[in-house]
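Working notes for the structure below.
There are 2 protein chains.
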Amino acid sequence: MITIKEIAQRLNMSTTTVSNVIHGKAGEVSEETRRRVEEFLKEVDYVPNINARNLAQNESKIIGLALKARVDKYENLIMDPFVAELIGGIEETIRNAGYFMMLYISRDTEKIMRHVSTWNVDGLILFGMLDDDGVRVSKKYKKPIVCLDTYSMEGLKHFTNVGLDDEQGAYNMVKYIISCGHERIAFLSDNTKGVDLARLNGYKRALEEAGIEYSEKDFLKIRPASAEIEASLDEICHRALDYTAIMCVSDLYAVTLMSALTDRGIRVPEGISIAGFDDNMLGSLYRPALTTVHQDVKQKGVVAAETLLKKLRGEETEAQITLPTRLVIRDTVTKPRKSSFMGRF
Amino acid sequence: MITIKEIAQRLNMSTTTVSNVIHGKAGEVSEETRRRVEEFLKEVDYVPNINARNLAQNESKIIGLALKARVDKYENLIMDPFVAELIGGIEETIRNAGYFMMLYISRDTEKIMRHVSTWNVDGLILFGMLDDDGVRVSKKYKKPIVCLDTYSMEGLKHFTNVGLDDEQGAYNMVKYIISCGHERIAFLSDNTKGVDLARLNGYKRALEEAGIEYSEKDFLKIRPASAEIEASLDEICHRALDYTAIMCVSDLYAVTLMSALTDRGIRVPEGISIAGFDDNMLGSLYRPALTTVHQDVKQKGVVAAETLLKKLRGEETEAQITLPTRLVIRDTVTKPRKSSFMGRF
DNA sequence: GAATTTTTGTAAAGGGGTTTTTGTCAAATG
DNA sequence: CATTTGACAAAAACCCCTTTACAAAAATTC
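In the order they appear, the protein sequences are chains A and B. Add 66 to the 1-based position in the first sequence for the working numbering, that's all there is to it. Add 66 to the 1-based position in the second sequence for the working numbering, that's all there is to it.
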């Protein structure tokens, strides 16, 4: 690896001059010299030592992406397959701006913070954190931070959240379900926080508006831990018989549920209508194809990255950016079954 | 951010001493001093400046993961959703060894190489590269490299390939299909290179062994570009009628095909048997559940990372590591239909 | 033509660590 | 008692690049 010092030596000039050429400081270097240096740089295929440069400029050109992953029963980290899209969107955006991406996957906020300070990353994108974790991180570090899908924004001064209009999306879908004639509609999820809560609220609002009463038992709680998933599905499929439609909090759960129902001889949509949320490959390839709420995950990544880049340039950014959803009507929501017909095989 | 110099000043000693304590150089520092320094370090929560350290030590503690992504018709990069698992496996492994992961996604090998040299990463994992790209990269850079799923290993001295026993996996599956009574079995893929070629070869070997003749037209070529996918599936579904089973090169294609067949009124497995390869969520959640060949993608990432870490420690590593596959028998391969019955609805 | 400004280039001072060299002091050795 | 050895710490060099302060040369102004 050739250094700037060597180049200066060989060209019989000072390192400053070479550096000035590299940084395009016009007016400090004669046209003649600039040409000579540039040619030589090309010739030797000069690449600056990034550590030296960062040390001198006190920046890293690195953006950290911290993913809070779930862990399975063996304490292994698990990533949602669909974060790939998100990562892709972020990476593409920041790369075009000359930044690199450093990936941390962890469930430990403390560790993430330590990484950040060690690495001197210029900015941070947080995804999948618990709501207040994001706030805590942002309070401790003064670097620009963009959160994804975070709902509790008490300390929102220091960072931006990029989210989805979850409430409205769920509302629209449930409204559509009701318009198909359904009145007994359950909601399936595994928790009532953050995104899930927002979607639940949208569901409730649609019910209320239609004059349908909501009761606690209409919330079907799935337990996704692999040890419990089967028992959990068993119970849910049983309770599902009381409803004509189920609004699922995600496509993953919708498809999981459809499989479980199919295994138990209950047909979708003849026996029961199912709606999802997210619109990913899982639902679009399934048959019957899933009726769902679309969100553009990649776009979310792009917006998050663009917002962070803005912050890094010192530009003003909003505290909250909300992306829209869109209904995707496919085949799993139809009009409700007549009375007791469950579409059993 | 407190520096080592400040610490030394405040403690009334030299930076060397502090540095020695940090690096645990025993015998160079008195027990008393060491204790004093260590306490103080904890107190001020000292974190070394990574750029300075790397500059001094000429290493980065970064491992680059270069993913060669496909591009869609709008020239956007697309990532396979299931690389998330791979990334997870790699990240977890290297993090435990004190390394960080830097992610490049690109389709341009040149750019990747430039990144690598700019960033002074300690080692590189390449995935999804064209076969010879890996070789080219490894020839140009002397850093340790581990490739995933690369088949052309002409210049294999400098790097290790972590792959799968694709040939054997496909062979086993097709043998199983034949054992179910099938004789007209097609193979579905979009190319005949690398991994796909190996799987095709396994398929051919099983056919040959059973005395079934293979002809060019038994290769069903899918065109996955979004503009052509529908026409492509149309043609394939039509040609599928000549067969009683189709061995698909991946779960994604298997599920895509099943959806297309279902849409055209052909039932799986009553009308035609379908087998996949990879064993991901897509196939396990589909109904009928996909019979497929299992590979542990996360494990692949772990092995790749561990191998690279070995190289970085200067240990010897094999040039080729081949991971096993396992048959997953579910519901999409049964005995062949009688004559012309296609299981149409 | 002397004084002033502009252009062009250099030397030197960081930036924050690591590592080598040098030096001091006390204990051990002969 | 003189000398060697060992433990410890300080000083200085180095990693490579950026940037500031300054000097020399050229161009401009009066």
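All residues carry an ideal CB built from backbone N, CA and C; glycine is no exception.
Counting contacts by CB-CB distance shorter than 7 Å, is residue i in contact with chain B?
{"i": "R353 (chain A)", "result": "yes"}
{"i": "T357 (chain A)", "result": "no"}
{"i": "L214 (chain A)", "result": "no"}
{"i": "A118 (chain A)", "result": "yes"}
{"i": "F411 (chain A)", "result": "Only weak support exists for where F411 (chain A) lies, its pLDDT of 45 falling under 50; the value from the coordinates is given anyway. It does not: the Cβ of F411 (chain A) has no partner Cβ on chain B nearer than 7 Å."}
{"i": "L121 (chain A)", "result": "yes"}
{"i": "I171 (chain A)", "result": "yes"}
Under 7 Å, Cβ to Cβ, is there at least one residue of chain A near residue i?
{"i": "E109 (chain B)", "result": "no"}
{"i": "N227 (chain B)", "result": "no"}
{"i": "V321 (chain B)", "result": "yes"}
{"i": "M145 (chain B)", "result": "yes"}
{"i": "I88 (chain B)", "result": "no"}
{"i": "F148 (chain B)", "result": "yes"}
To which residues of the same chain is residue i closer than 6 Å at the C-beta, ignoring the five residues directly before and after it?
{"i": "S172 (chain B)", "result": "I178"}
{"i": "L375 (chain A)", "result": "A163"}
{"i": "T373 (chain B)", "result": "V212, T226, T383"}
{"i": "Y165 (chain B)", "result": "K127, I129"}
{"i": "T82 (chain A)", "result": "none"}
{"i": "L273 (chain B)", "result": "Y280"}
{"i": "T357 (chain B)", "result": "A341, I395, R396, T398, V399"}
{"i": "P290 (chain B)", "result": "D256"}
{"i": "G194 (chain A)", "result": "L133, K134"}
Kindly indicate the opening and closing residues of the alpha helix (DSSP H) around residue i.
{"i": "R265 (chain A)", "result": "260-275"}
{"i": "F253 (chain B)", "result": "Taken as a continuous stretch (DSSP letters only), F253 (chain B) belongs to no alpha helix (DSSP H), being part of the beta strand (DSSP E) at 251-255."}
{"i": "A311 (chain A)", "result": "Run containing A311 (chain A): none in the alpha helix (DSSP H); it sits in the beta strand (DSSP E), 311-314."}
{"i": "C303 (chain A)", "result": "295-306"}
{"i": "R403 (chain B)", "result": "That residue, R403 (chain B), is in no alpha helix (DSSP H); it is neither H nor E in DSSP."}
{"i": "A122 (chain A)", "result": "116-123"}
{"i": "R102 (chain B)", "result": "97-110"}
{"i": "Y319 (chain A)", "result": "317-329"}
{"i": "T373 (chain A)", "result": "363-378"}
{"i": "V84 (chain B)", "result": "81-88"}
{"i": "I211 (chain B)", "result": "Note, I211 (chain B): premise wrong, no alpha helix (DSSP H); beta strand (DSSP E) at 211-214."}
{"i": "K71 (chain B)", "result": "70-77"}
Considering only residues of the same chain and omitting the five flanking positions on each side of residue i, which have a CB-CB separation below 8 Å?
{"i": "L266 (chain A)", "result": "A236, F253, S255, T258, F285, V315"}
{"i": "A264 (chain B)", "result": "Y217, D232, E233, A236"}
{"i": "L389 (chain B)", "result": "V228, G229, L230, D231, Q361, D362, Q365, K366, V369"}
{"i": "Q75 (chain B)", "result": "none"}
By Cβ distance, which residues of its chain are closer than 7 Å to residue i, with the 5 residues on each side in sequence left out?
{"i": "A326 (chain A)", "result": "L299, C303"}
{"i": "T400 (chain A)", "result": "C246, P335, S339"}
Which residues bound the beta strand (DSSP E) around residue i?
{"i": "L192 (chain A)", "result": "189-193"}
{"i": "N227 (chain A)", "result": "225-230"}
{"i": "Q386 (chain A)", "result": "386-389"}
{"i": "I340 (chain A)", "result": "339-341"}
{"i": "S172 (chain B)", "result": "166-172"}
{"i": "T358 (chain B)", "result": "358-360"}
{"i": "G130 (chain B)", "result": "128-134"}
{"i": "R392 (chain B)", "result": "392-394"}
{"i": "K91 (chain A)", "result": "First-last for K91 (chain A): undefined, no H or E at that position."}
Any heavy atom of the ligand ATP closer than 6 Å to the Cβ of residue i?
{"i": "S85 (chain A)", "result": "Among the components of this structure there are no ligands whatsoever, and the ligand ATP is therefore not found."}
Inset, instruction - Examine the Cβ distances between the stretch 388-398 of chain A and the stretch 236-247 of chain A and report whether three or more of them are shorter than 8 Å. - result: yes
Inset, instruction - Count the C-beta pairs between the stretch 143-156 of chain B and the stretch 96-114 of chain B that are closer than 8 Å, then say yes if the count reaches three, no if not. - result: Short answer: they don't touch.
Legend entry - Residues in the stretch 374-399 of chain A having any Cβ partner in chain B nearer than 7 Å: none
Inset, instruction - Below 8 Å between beta carbons is the criterion; list the residues of the stretch 150-169 of chain A that meet it against any residue of chain B, in chain order. - result: A150, E151, I153, G154, E157, E158, R161, F166, M167, M168, L169
Legend entry - Stretch-stretch touch, CB-based, cutoff 8 Å, three pairs: the stretch 111-118 of chain A with the stretch 67-76 of chain A: In the pairwise beta carbon analysis, the stretch 111-118 of chain A is classified as touching the stretch 67-76 of chain A: at least three pairs are separated by under 8 Å.
Inset, instruction - Please confirm if the stretch 361-369 of chain A is in contact with the stretch 149-165 of chain A, defined as three or more CB-CB distances below 8 Å between the two stretches. - result: yes
Legend entry - Residues of the stretch 314-347 of chain A whose Cβ lies closer than 7 Å to any Cβ of chain B, in chain order: V321, T322, S325, T328, M347
Inset, instruction - Would you list, in chain order, the members of the stretch 293-310 of chain B that have their beta-carbon closer than 8 Å to a beta-carbon of chain A? - result: none
Legend entry - Positions along the stretch 361-374 of chain B whose CB lies within less than 9 Å of some CB in chain A: K364
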